[in-house]
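Asks: My questions will all concern the structure given below.
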Amino acid sequence: MKLLDVKDLNVDFVSTEGRVHVLNEVCFEVERGEIVGIVGESGSGKTTLGLAVLRLLDSPPAQILGGSIIFDGQDVMKMDPKELWHLRGTGMNMVFQESLLALNPVYRVESQINESIDSVCKSTKVTMTKNERREKILRILKELCLDRPDQVLKKYPHELSGGMRQRVSIAMSIIQMPKLLFLDEPTTGLDAYVQNRILKIIKNLNREFGISMVLITHDLTVASQICDRIYVMYAGRVAEVGKSEKILEKPLHPYSETLLKALPKGYSDSPLLPVPQGEPPDMKNLPSGCKFNPRCVYAMDLCRKKEPKLMQVGEELVACWKYS
Amino acid sequence: MSSVSDVLVDVEELTVRFRAKNAQINLFSKSARWFNAVDSVSFSIKKGDTFGLVGETGSGKSTIAKTLVGIYRPSSGRVKLFGKEINFEKAADLAYLRKNVGIVFQDPVGSLNPRLTVREIISEALIASKSVPESSYDSKISKIMELVGLRRSALTMHPRELSGGEKQRVSLARALVVPKKLLILDEPTSSLDMTIQAQVLNTLRRLKAELDLSFLFITHDINVIRYMSTRLGVLFYGKLVEVGSTYEVLSQPKHPYTIELLSNVPQIAAKEMVNQPSQLDSNVLMEHQPSLEGCIYRNVCPKAFEKCIESPALYEISQGHEVACFLYHNEVGNKGMGETITQL
Chain E
0 MKLLDVKDLN VDFVSTEGRV HVLNEVCFEV ERGEIVGIVG ESGSGKTTLG LAVLRLLDSP
60 PAQILGGSII FDGQDVMKMD PKELWHLRGT GMNMVFQESL LALNPVYRVE SQINESIDSV
120 CKSTKVTMTK NERREKILRI LKELCLDRPD QVLKKYPHEL SGGMRQRVSI AMSIIQMPKL
180 LFLDEPTTGL DAYVQNRILK IIKNLNREFG ISMVLITHDL TVASQICDRI YVMYAGRVAE
240 VGKSEKILEK PLHPYSETLL KALPKGYSDS PLLPVPQGEP PDMKNLPSGC KFNPRCVYAM
300 DLCRKKEPKL MQVGEELVAC WKYS
Chain P
0 MSSVSDVLVD VEELTVRFRA KNAQINLFSK SARWFNAVDS VSFSIKKGDT FGLVGETGSG
60 KSTIAKTLVG IYRPSSGRVK LFGKEINFEK AADLAYLRKN VGIVFQDPVG SLNPRLTVRE
120 IISEALIASK SVPESSYDSK ISKIMELVGL RRSALTMHPR ELSGGEKQRV SLARALVVPK
180 KLLILDEPTS SLDMTIQAQV LNTLRRLKAE LDLSFLFITH DINVIRYMST RLGVLFYGKL
240 VEVGSTYEVL SQPKHPYTIE LLSNVPQIAA KEMVNQPSQL DSNVLMEHQP SLEGCIYRNV
300 CPKAFEKCIE SPALYEISQG HEVACFLYHN EVGNKGMGET ITQL
């Protein structure tokens with residue numbers, strides 16, 4: 000059985016200015032022990048997908064318009080707030096993008112991580128002494144390769160560097176031992192070296208504790224480092240799904256191809272990067288047909304008229320008329 | 000060696016000090032109250048060069064950028080523009096500096112006034128230059144808009160109505176509407192999406208050729224710097240540890256820090272790490288702590304030896320390639336590279 004099985008998820012954001020389809024018929028699966036990447040540009044709906052699965056979207060403005068979310072055999076869509084509270088934490092968990100905003104500025108690191116332990120203790124009805132907790136926290140922080148963890152515990156979020164803060168956020172989630180962890184842009188805004196360290200740590204946690212993970216990122220390079228499978232999203236739709244090595248070597252969807260071509264290559268005397276003009280789509284004002292057609296070099300008449308559905312090409316799924 | 004005339008900017012032993020506010024920063028400096036964000040850094044930018052500066056957060060990249068447009072004052076050292084030394088206390092010198100050097104900041108949201116339209120934002124640069132008659136504002140603005148690739152309809156818009164890439168193009172237009180000789184780009188693309196980053200980088204390379212510009216390009220992204228720069232300097236906690244042509248520094252890195260930096264560059268390679276056995280060497284994963292005495296990289300350097308308790312200066316190991324590391328002093332031999340060479 001799959002750990003997470005999302006089918007035909009539709010999410011709208013409703014405001015006085017109108018209705019925006021943020022997610023359109025999104026199907027998404029995670030197997031046990033797997034690391035899945037969701038790659039897309041800003042506005043492609045990748046964070047919304049994560050929040051929707053965890054049922055963390057505020058309503059209003061968000062409306063889930065059907066679809067199903069089955070996690071570990073349970074129907075997440077039918078859960079009441081109390082069941083959801085039990086689900087989050089030990090079932091599914093999320094590390095948010097901005098670690099500075101995700102952490103409470105007026106509490107020390109130790110009491111924030113303790114909050115996580117508290118909620119687990121409450122839902123599993125276990126009591127832990129202060130020393131046991133501290134030991135557990137220190138062990139996790141060490142696992143995350145934080146220098147002098149006992150000192151870090153006494154600090155406030157603003158006293159930590161970006162990389163350290165991100166690791167504290169990860170610690171808060173990991174300490175609850177979730178079955179599935181969403182990581183929303185865990186390395187964005189960090190230096191390449193810190194980024195590399197954090198990716199290694201994430202991979203290690205996956206291997207050691209068997210935590211399945213969903214890595215949400217705009218950077219194909221980052222996803223390529225640790226993901227088993229990658230979902231490429233565009234304008235709230237899944238454009239392509241496949242094994243990461245497949246997508247990196249031979250992307251099927253023209254958008255995945257564009258993403259790969261956009262990676263700077265070569266020295267200053269190399270030719271210009273072959274990226275098409277155009278910006279990510281305006282979700283309030285999407286083109287008809289395939290949403291990528293205005294930027295697509297292969298666009299045909301059919302692409303402007305009719306939107307392609309995901310179709311099987313070899314082992315992969317791709318939504319493009321090129322393959323019909 | 001190049002003649003003096005084609006050197007655009009010459010930075011000699013530039014030091015910028017800040018008063019340390021918290022105890023952690025105090026560790027970084029010998030004197031308890033001050034720390035050197037930039038510590039006697041020397042480099043020069045020739046006409047037509049794109050000089051890249053790479054380094055981690057806190058290595059002093061942005062401090063150098065801001066000093067070169069007179070936002071910060073150097074604590075010591077000299078900055079020369081076309082051979083003329085800039086006196087940072089003199090308003091006329093600062094005006095001369097800013098007339099020739101433009102800057103684009105990292106955060107496109109924070110660097111544009113949200114209450115002005117794009118037209119007003121760009122014309123502020125024309126007003127400040129005092130050299131352009133008001134009647135020619137419109138033609139200048141529409142010309143630069145076309146060059147940086149902004150649509151005309153953006154003129155009457157406010158920054159919030161623009162996408163991230165467009166905002167960065169407005170910053171570019173503002174910096175270049177009055178012609179500049181040197182443009183400083185401080186992480187110009189790090190907040191942009193991948194495809195937009197590629198578009199902006201392409202625009203920058205085109206602008207450089209069309210407007211006969213030189214760039215000082217600051218970033219922590221090695222792939223971007225390789226694509227953009229002709230010469231490269233590597234900074235570590237305010238010290239320049241290696242300088243050379245981009246090709247040489249990236250293909251034959253010498254300083255142990257540069258080597259480590261490059262080994263951490265993410266390459267597009269499927270599950271590269273999965274296939275490797277777990278190599279979680281916790282020492283490597285710790286944050287860098289600069290050494291207070293001697294070579295700044297001594298604490299983390301895998302190749303540190305006794306000599307490293309002294310502070311190494313930059314030495315030329317091949318033409319135009321300089322490294323601040325004692326490992327290579329033997330290679331220099333006795334070329335008489337300066338008084339700091341002591342017998343090894």
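Taken in sequence, the protein lines are chains E and P.
So in numbering that gives the first Met the number 0, the last one in the first sequence is 323, and the numbering has no gaps at all.
So in numbering that gives the first Met the number 0, the last one in the second sequence is 343, and the numbering has no gaps at all.
Cβ coordinates follow ideal geometry from the N, Cα and C atoms, glycine included.
Looking at the secondary structure, which residues open and close the alpha helix (DSSP H) in which E/A341 lies?
Replies: Here chain E has residues from 0 to 323 only, and residue 341 of chain E is not among them.
Asks: With a threshold of 8 Å between beta-carbons, can P/K334 be considered close to chain E, or not?
Replies: Since pLDDT at P/K334 reaches only 43, below the 50 mark, its modelled position is unreliable, and the value read off the structure follows with that caveat. For P/K334, the answer is no, since every Cβ of chain E falls outside 8 Å of its Cβ.
Asks: Rounded to whole angstroms, how far is the Cβ of E/K178 from the Cβ of E/S211, which I believe are closer than 8 Å?
Replies: Contact flag correct, Cβ pair sits at about 6 Å.
Asks: Kindly list, in the order they appear in chain E, the residues whose Cβ is closer than 7 Å to that of P/T116.
Replies: Within chain E, no residue comes near P/T116; the closest Cβ sits about 20 Å away, beyond 7 Å.
Asks: Can you give me the Cβ contacts of P/K238 inside the same chain, cut-off strictly under 6 Å, excluding the 5 residues immediately before and after it?
Replies: These residues qualify, in order along the chain: D38 and I295.
Asks: On a CA-only basis, which of P/S134, P/P252 and P/R204 is nearest P/G47? Give me that one, please.
Replies: Ranking P/S134, P/P252 and P/R204 by Cα distance to P/G47 puts P/R204 first.
Asks: Between E/V237 and E/A318, is the Cβ-Cβ spacing less than 8 Å?
Replies: In contact: E/V237 and E/A318 (Cβ atoms closer than 8 Å).
Asks: Measure the alpha-carbon distance for E/C26 versus E/D4 and round it to whole angstroms.
Replies: When rounded, the distance between both Cα atoms is 8 Å.
Asks: Please list the terminal residues of the continuous beta strand (DSSP E) segment that includes E/A318.
Replies: Note, E/A318: premise wrong, no beta strand (DSSP E); not H, not E.
Asks: Got a sec? Which residues, its chain only, sit under 6 Å from P/S75 by beta carbon, not counting five neighbours each side?
Replies: So the list reads T14, once near-sequence residues are dropped.
Asks: Near E/L137, which residues of its chain fall below 8 Å by C-beta distance, leaving aside the five closest residues on each side in sequence?
Replies: Within the same chain, E/L137 has close Cβ partners P148, D149 and L152.
Asks: Roughly how far, in whole angstroms, is the beta-carbon of P/T188 from the beta-carbon of P/L175, given that I think they are within contact range, below 8 Å?
Replies: Actually they do not touch by this definition, with Cβ atoms about 16 Å apart.
Asks: Note down, in chain order, each residue of its chain lying with its Cβ closer than 8 Å to the Cβ of P/T116, except the 5 sequence neighbours on either side.
Replies: Answer for P/T116: L154, T155, M156 and H157, listed in chain order.
Asks: Just to confirm, are P/D192 and P/A64 a CB contact at a threshold of 8 Å?
Replies: No, they are not a contact pair.
Asks: Excluding the 5 residues flanking P/C324 on each side, which residues of the same chain have their C-beta closer than 6 Å to its C-beta?
Replies: Cβ within range, chain order: H254 and P311.
Asks: As a quick exercise: from P/A197, P/N112, P/A208 and P/S317, pick the residue whose alpha carbon is nearest that of E/G276.
Replies: Checking the sequence, you will find Gln at residue 276 of chain E rather than Gly. With distances taken between Cα atoms, E/Q276 lies closest to P/A197.
Asks: Judging by CA-CA distance, which residue of E/G66, E/T128 and E/V38 is the nearest neighbour of E/D11?
Replies: Here the closest residue by C-alpha is E/G66.
Asks: Closer than 8 Å by beta-carbon distance: list the chain P residues that pair up with E/Y233, in chain order.
Replies: The premise fails here: E/Y233 is roughly 11 Å from chain P at the closest Cβ pair, so nothing lies under 8 Å.
Asks: Let me see if you follow: with CB-CB separation under 8 Å, is P/G164 close to chain E or not?
Replies: By this cut-off, P/G164 is an interface position.
Asks: Expressed to the nearest angstrom, what Euclidean distance is found between the alpha-carbon atoms of E/M310 and P/Q251?
Replies: In a straight line, the C-alpha of E/M310 is about 46 Å away from that of P/Q251.
Asks: In whole angstroms, what is the alpha-carbon distance linking P/K270 and E/I229?
Replies: With a pLDDT of only 47 at P/K270, under the threshold of 50, the placement of this residue in the model should not be trusted, and no figure is reported.
Asks: Which same chain residues end up closer than 7 Å to E/E40 when comparing Cβ atoms and leaving out the 5 residues on each side of it in sequence?
Replies: So the list reads H217 and P279, once near-sequence residues are dropped.
Asks: Give me, in chain order, the residues of the same chain whose beta-carbon lies closer than 7 Å to that of P/A172; leave out the 5 immediate sequence neighbours on both sides.
Replies: I121, I143, M144, V147 and L149.
Asks: Give the DSSP-derived three-state secondary structure of P/R77 in the structure shown.
Replies: Here P/R77 sits in strand by DSSP.
Asks: Using CA atoms only, rank isn't needed, just tell me which of P/G101, P/V264 and P/E55 is closest to P/L125.
Replies: P/L125 has its Cα closest to that of P/G101, out of P/G101, P/V264 and P/E55.
Asks: Below 8 Å between beta carbons: does that hold for P/I258 and P/L52?
Replies: Cβ atoms of P/I258 and P/L52: not closer than 8 Å.
Asks: What are the residues in the stretch 218-243 of chain P lying within 7 Å of chain B by C-beta distance?
Replies: Absence of chain B from the displayed structure is noted, the protein chains being E and P.
Asks: Give the residues of chain P in contact with E/H217, contact being defined as C-beta atoms less than 9 Å apart.
Replies: Correct list: D192 and M193.
Asks: For the stretch 52-86 of chain P, list every residue whose C-beta sits within 7 Å of some C-beta in chain E, in sequence order.
Replies: For the stretch 52-86 of chain P, which is checked against every Cβ of chain E, the residues closer than 7 Å are E55 and T56.
Asks: Could you check the C-alpha separation between E/M163 and E/L145 for me, to the nearest Å?
Replies: In a straight line, the C-alpha of E/M163 is about 7 Å away from that of E/L145.
Asks: Quick one: measure Cβ to Cβ for E/G44 and E/G235, integer angstroms, because I've assumed they're closer than 8 Å.
Replies: So it is a contact: roughly 4 Å between Cβ atoms.
Asks: From which residue to which residue does the beta strand (DSSP E) around E/M212 run?
Replies: First-last of the beta strand (DSSP E) with E/M212: S211 to T216.
Asks: Would you tell me roughly how many angstroms separate the C-alpha atoms of P/I24 and E/V167, rounded to the nearest one?
Replies: Residue placement at P/I24 cannot be trusted, given a pLDDT of 49 that sits under 50; the coordinates are not used to answer.
Asks: Against chain E, does P/T341 count as a neighbour if the rule is that its beta carbon must be under 8 Å from one of theirs?
Replies: Residue placement at P/T341 is flagged as unreliable, the pLDDT there being 41, under the threshold of 50; the coordinate-derived value follows with that caveat. Closer than 8 Å: no.
Asks: Have a look at P/M227, P/V299, P/R297 and P/P178 and flag the residue whose alpha-carbon is nearest the alpha-carbon of E/K264.
Replies: Cα-wise, what sits closest to E/K264 is P/M227.
Asks: Quick one: using the 10 Å Cβ neighbour count with 16 as the cut-off for buried, is E/K304 buried or exposed?
Replies: Flag for E/K304 reads exposed.
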